[in-house]
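*Asks:* The following block contains the structure, expressed as structure tokens.
Chains as they are written, first to last, in the numbering used here: chain E, 419 to 1364; chain H, 93 to 551.
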């Protein structure tokens, strides 16, 4: 039987990302990323209704659109011309903060494993990844979240983030974690036109927050701590070496200043009946760590044909990516290298083992980079989207959409036989050295949507009704195998392997099949009052066999106060009230939680040694035994998210204001409950958890200068305050999870009444002056070296109390400027790096300068524990409030006057310079990223239209 | 028009082919319930249930040689096991043993219920004629057998308190059971075993003599049925249950069942030296084959002198000189006052990788039960006859009883044989408990009312 919390290892992976995430996570995975809690649009009101002629999605309603955050492609490109994720984070400015993805910095190959909109809606233990990320909808069909990373920014007409259950209801059970709706551009009715885009990006890493000791400081520290007691010769020798060679800056070695250049050519045009477009692009991105890159290239073709009754459009796109991970490994691996070692001999050949035989023996990462090891991905994605619409008469139309997707990702990992991994292999294990692993992920999906629209206008009433059905069928296949026994560093292909590795080959095949029906009724009165009612029913293979059909519904209303009551007011330009109530179902568990799984017990055959094998008795062989692996609950229910939201937005004189409040209850959350062992297992999965998220979002934009001597200046500020609270959680669930975390020294946990992304740690009673070991307050107030899980105390939520952006946009003649600052206030932060690298540090690795405060017999009133005797529990000493401020984006653009452009035989020419993540400041002095550094980017963009 | 579309839609959503949604994933060496589309999977699952019973928390150690046998006062316990041996079940060691065994016995019951559910659900799977019925009856019998094991361990003896209500009867994989008193549960167990035996009488190769498969290793031929709860195992289990209930009628019926095993089963005692098989595997009615390192390694660990082993020795209460010189059981006792030989490896190919099995029911117990059952159902002469037969089979004719012996003398003699016959097998404790005896502990002290002892049910 599976034990609770081991589920993650033993379950069948729910999706492709489970296998794709191959990074060793030395740090606890913490909750999910908060993508976006943005206020409504002010930053240029997103006009999303420009594509009446080619309908691609009818899951939109007017009043819902008013309540949700929509952004035009233009404004997103102004924030970041090449990276959609980054642009979304800035425009809905809340992805900063508490997420584990922060560790990956500006890695061009990292994709967030978890993301949530408007607060954390699932428990911290992450039993399943089924609800880790929002649904991505592109032109009406869903695409894998991974594609978002590489999405071609120039294709985007608009992006809408659906955060409220009122809006997600229309996307049903797959949308339990919110929806990112992307609408792409449709060629316009104009003559043939060629557009060329160029983006050149410089990136430079910023690494200084590590604040490490230099060679002299480290040697002094080691000596003071007593590492050289009885071995002064070693100290003297190292001092002499440092004097001769200087201090080594290991952190500098894996970094580079990178330059990437991106090219894109579009040919498009059309007339009233035919539209066409062809796109060709190449986007080689180089990361700031040596060897890390992601080269994307691809092509797409769109063709659309319209008659009075019929519309047909088809878009085929093929995208490829070649990605390589840096062979330089994680940054903290370089940060731990002692600065008194010289990295290479006088010929420049790196040493493999440094300080061999001493207390500070280290394996050199530089040596590893001199080998031929690599990890690379080859990705190809094909997508074809066909849409048909038949206008039967002026009221009635029928439409269909058919989509085929094929994503393929092949990963190859080579570990050179000369790697230090194989250092201890004996002469008889020489055929086990070196490894080549191939891992393949494949996603094939078919989606089909058929719907009918009915439209009726009578006097002041407008009625629109839609009914549709949708089929989604996806197959995800992963497999991996590994060959071993390469005899040379240059035998870097699978066929050089002498044999398969000893472990069994891996492979999974999972399915998602959904059949849905949905309906919308929209009624508007006098263009003043809008009411939408929507509902959807999904039957899905991802739900439990006894509860396969889930329902979602939403009701929204919008009222135009300005039009209704103060039509003539000059001061108030716009005033709109919105309100909604809805409930969306969502996935929250994997197959093994709701269905039985059986496995062969290879190591425990029955009747072993009893056979009639005359020659020899083989005790390893016998009858195959089969056993049930999991405690499952076939009546497990989906997660239900209920949401109420109200909002008001308006324009007073030249000031735009929008404020909205939401209150979301996610209930029936997956939990563990204790049960009588007589039922076959001591626990069972249940639906007895609930989390409430409530919050306020606001945005203000004030037009300070309006075309005064040619200058437009707008100041803006946006913010969100979200509060989450676990309102229901069985004690058994909390106890099981907290105990496991306590034992591992992790700082996550959960308890009823606390925030869903709480930090839990023991209350520190300081370092014992006598022993240098930390003491803790127990629950009863006494002080002890040996706490239990019950002594863990809630330290606060990682979600900032307030977060958002502010800045200014300006235009002067043909110039435009924008500056966006990003802030977050009051979130709790656990400084894992300081704990690992200072508090638990030994002599062997380099340490930050803060390690001078470590306990030693001569430094008894210490801030950090002594060497060799430290307790590794999560401690309140490392919890602090974190406030951050950064200059997230700075932009200047210039559009050449038409006459200059035409001199160059162009219709238009625009250039811009966007600086991304220029400056960052935090109240916590700890490195921002431990795996991959953050980078400041300088992007020069050019768009020429011929 | 709208109505039609809406109806069609609703129909599609609700009535669409369910099979399409039962998309079972593959991978990770695991499989969903679809794997039960052939007979072999069912057999493998049955094997898995038995394989689980061999774990150290159950019959691989704690419920036999490594745990419960100490309660029979056969051994001088090692340091730390004294409280346990004296039946103080509140010690940490006892609570740990009790907690694990309880969970694992119920886990095995869950598996029985699971496979019974699968048999009921997968009606269209083809089986060799009779094989399905045999396995269903076996699973049903095993479920009752395991409930009886729980009852014996976690409730006071029927004779001491039959109104105790400690054990849930579990039928099905749903998390709900039926709380029953010892009296009710014993009735249920007897009924279930009776029903299982009636089916097995028709389909068990051990009765029919016809193998379900030519490959004997599949455990479907008569000779291999000893490794499964076969027909005769079921009969013996029923007799055990009836004798715990202990009405005159029960003893009469039990006597009938036991003589049936003796007369029809064709089991024989080992009377001459039989190679190195000191466990006398020919006497097994129902046994579990040892895991890769089993009783052999455990026996060595227990009896090897400290510090390499635990240095357990035999209790001085036992006098083996009472046994006749030709009694083969004398081979179990070693000069160093241990019983290492009994579970010593028969093969030295690889140290401690061994064939010695875990006996669950042996023919010797059938004889002793039969003697008692006869005596307690007004057939004392027949009982004495059974007992004397047993002594003859054991080559210890000197221990035969005169035909004039009283029932008390017979019971005393039987009690003594329990001490020898089941050394290391964890059987004698249940005998003493069933009869609510007062017994002499290894150190000479008295343990009264053994029938009231019960393992705690630890959360």
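The beta carbon of each residue, even a glycine, is placed where N, CA and C say it ideally should be.
No experiment lies behind these values; they were computed from the predicted model shown.
#1: Suppose contacts are defined by Cβ-Cβ distances below 7 Å. Is residue 1055 of chain E in contact with residue 1086 of chain E by that definition?
#2: Per the DSSP calculation, residue 1065 of chain E is bridged to which residue(s)?
#3: What's the call for residue 495 of chain E, buried or exposed, on a 16-neighbour Cβ count within 10 Å?
#4: Hey, quick one: how far does the alpha helix (DSSP H) through residue 260 of chain H stretch, first residue to last?
#5: Scan the region 884 to 963 of chain E and note each continuous beta strand (DSSP E) run of 3 residues or more that stays entirely inside, going in chain order.
#6: Please give the ranges of any alpha helix (DSSP H) in the region 511 to 586 of chain E, keeping only runs that are unbroken, at least 4 residues long and fully inside the region.
#7: Could you give the first and the last residue of the continuous alpha helix (DSSP H) run that contains residue 502 of chain H?
#8: Assuming residue 258 of chain H contacts residue 549 of chain H under a Cβ cut-off of 8 Å, what Cβ separation, rounded to an integer in Å, is found between them?
#9: May I ask you to report which of helix, strand or coil DSSP gives residue 142 of chain H?
#10: Give the residues of chain H in contact with residue 928 of chain E, contact being defined as C-beta atoms less than 7 Å apart.
#11: Please state whether DSSP places residue 440 of chain H in a helix, a strand or coil.
#12: If you follow the beta strand (DSSP E) that residue 737 of chain E is part of, which residue opens it and which one closes it?
#13: Taking C-beta to C-beta, are residue 415 of chain H and residue 404 of chain H nearer than 7 Å?
#14: What are the residues of the region 1070 to 1100 of chain E that lie near chain H, defined by any Cβ-Cβ distance shorter than 9 Å?
#15: Apply the 10 Å Cβ neighbour rule to residue 843 of chain E and answer buried if 16 or more other Cβ atoms are within range, or exposed otherwise.
#16: Got a sec: is the Cβ-Cβ distance from residue 195 of chain H to anything in chain E below 7 Å?
#17: So with CB distances below 9 Å, who are the chain E contacts of residue 260 of chain H?
#18: Please state the DSSP three-state secondary structure of residue 1150 of chain E.
#19: Check each candidate in E:965, E:1004, E:601 and E:1078 and name the one with the smallest Cα separation from residue 593 of chain E.
#20: Helix, strand or coil: which one does DSSP assign to residue 980 of chain E?
#21: Please classify residue 1154 of chain E as buried or exposed, where buried requires at least 16 other C-beta atoms within 10 Å of its C-beta.
#22: Exposed or buried, what is residue 536 of chain H when buried is set at 16 or more other beta-carbons lying within 10 Å of its beta-carbon?
#23: Under 7 Å between beta-carbons, which chain E residues line up against residue 481 of chain H? List them in chain order, please.
#24: Do residue 591 of chain E and residue 959 of chain E have their CB atoms nearer than 7 Å?
#25: Identify, in the order they occur along the chain, each residue of the same chain with its Cβ nearer than 7 Å to the Cβ of residue 874 of chain E, setting aside the five sequence neighbours on each side.
#26: What's the gap between the Cα of residue 603 of chain E and the Cα of residue 1262 of chain E?
#27: Using 10 angstroms around the beta-carbon of residue 165 of chain H, count the other beta-carbons present and answer buried if the total reaches 16, otherwise exposed.
#28: List the residues of chain E that residue 276 of chain H touches, going by C-beta distances under 9 Å, in chain order.
#29: Which residue marks the beginning of the beta strand (DSSP E) containing residue 522 of chain H, and which one marks its end?
#30: First and last residue of the alpha helix (DSSP H) that includes residue 650 of chain E?
#31: Select from E:803, E:790 and E:828 the residue whose C-alpha is nearest the C-alpha of residue 820 of chain E.
#32: Closer than 7 Å by beta-carbon distance: list the chain H residues that pair up with residue 1014 of chain E, in chain order.
#33: If you check the beta carbons only, do residue 390 of chain H and residue 450 of chain H fall under 7 Å apart?
#34: Would a check of beta-carbon distances place residue 267 of chain H closer than 7 Å to chain E?
#35: Shortest alpha-carbon distance to residue 827 of chain E belongs to which of E:1134, E:1096, E:1222 and E:795?
#36: Any idea which residues DSSP pairs residue 1333 of chain E with across the strands?
*Replies:* With the structure as the only source:
#1: Contact flag set, yes.
#2: DSSP output for residue 1065 of chain E lists E:996 and E:1078 as bridge partner(s).
#3: Residue 495 of chain E should be labelled buried.
#4: Taken as a continuous stretch (DSSP letters only), residue 260 of chain H belongs to no alpha helix (DSSP H), being part of the beta strand (DSSP E) at 259 to 261.
#5: List check, beta strand (DSSP E) in window: 924 to 943 and 947 to 958.
#6: If we require 4 residues or more, the alpha helix (DSSP H) runs fully inside the region 511 to 586 of chain E come out as 564 to 567 and 583 to 586.
#7: Residue 502 of chain H -> alpha helix (DSSP H) spans 499 to 513.
#8: That belief holds up - the Cβ atoms of residue 258 of chain H and residue 549 of chain H are roughly 6 Å apart, short of 8 Å.
#9: Helix at residue 142 of chain H.
#10: What residue 928 of chain E touches in chain H: 117.
#11: Because residue 440 of chain H sits at a pLDDT of 46, beneath the cut-off of 50, its placement in the model cannot be relied upon, and the following sentence gives the value as read from the coordinates. Here DSSP, grouped into helix, strand and coil, assigns residue 440 of chain H to coil.
#12: Boundaries of the beta strand (DSSP E) harbouring residue 737 of chain E: 728 to 742, taken from the DSSP string.
#13: Pairing residue 415 of chain H with residue 404 of chain H gives a Cβ-Cβ distance that is not under 7 Å.
#14: Those would be 1092, 1093, 1094, 1095, 1096, 1097, 1098, 1099 and 1100, in chain order.
#15: That one is exposed.
#16: Taking Cβ atoms only, chain E reaches closer than 7 Å to residue 195 of chain H, which makes this a yes.
#17: Within 9 Å Cβ-Cβ: 1094, 1096 and 1097.
#18: Residue state, collapsed to three classes: helix.
#19: Selected option, being the one with the closest Cα: E:1004.
#20: Taken through DSSP and simplified to helix, strand or coil, residue 980 of chain E comes out as helix.
#21: Burial is judged here by how many other beta carbons sit within 10 angstroms of a residue's own beta carbon; residue 1154 of chain E has at least 16 and is buried.
#22: Residue 536 of chain H should be labelled exposed.
#23: Contacts between residue 481 of chain H and chain E, judged by CB atoms closer than 7 Å, are missing: the closest CB pair is about 30 Å apart.
#24: Against a cut-off of 7 Å, the Cβ pair of residue 959 of chain E and residue 591 of chain E comes out as no contact.
#25: Answer for residue 874 of chain E: 813 and 881, listed in chain order.
#26: In this structure, the CA atom of residue 603 of chain E is about 57 Å from the CA atom of residue 1262 of chain E.
#27: Result: buried.
#28: What residue 276 of chain H touches in chain E, judged by beta-carbon distance under 9 Å, is nothing: the nearest beta carbon there is about 16 Å away.
#29: Per DSSP, residue 522 of chain H belongs to no beta strand (DSSP E); it is in the alpha helix (DSSP H), 520 to 526.
#30: Counting along the chain, residue 650 of chain E sits inside the alpha helix (DSSP H) bounded by residues 650 to 663.
#31: When each option's Cα is compared against that of residue 820 of chain E, the closest is E:803.
#32: Under the 7 Å cutoff, chain H gives 124 and 125.
#33: No, they are not a contact pair.
#34: Chain E, which has a Cβ nearer than 7 Å to the Cβ of residue 267 of chain H, makes this yes.
#35: Nearest of E:1134, E:1096, E:1222 and E:795 to residue 827 of chain E, Cα basis: E:795.
#36: According to the DSSP secondary-structure assignment, residue 1333 of chain E is paired through a beta bridge with E:1308 and E:1356.
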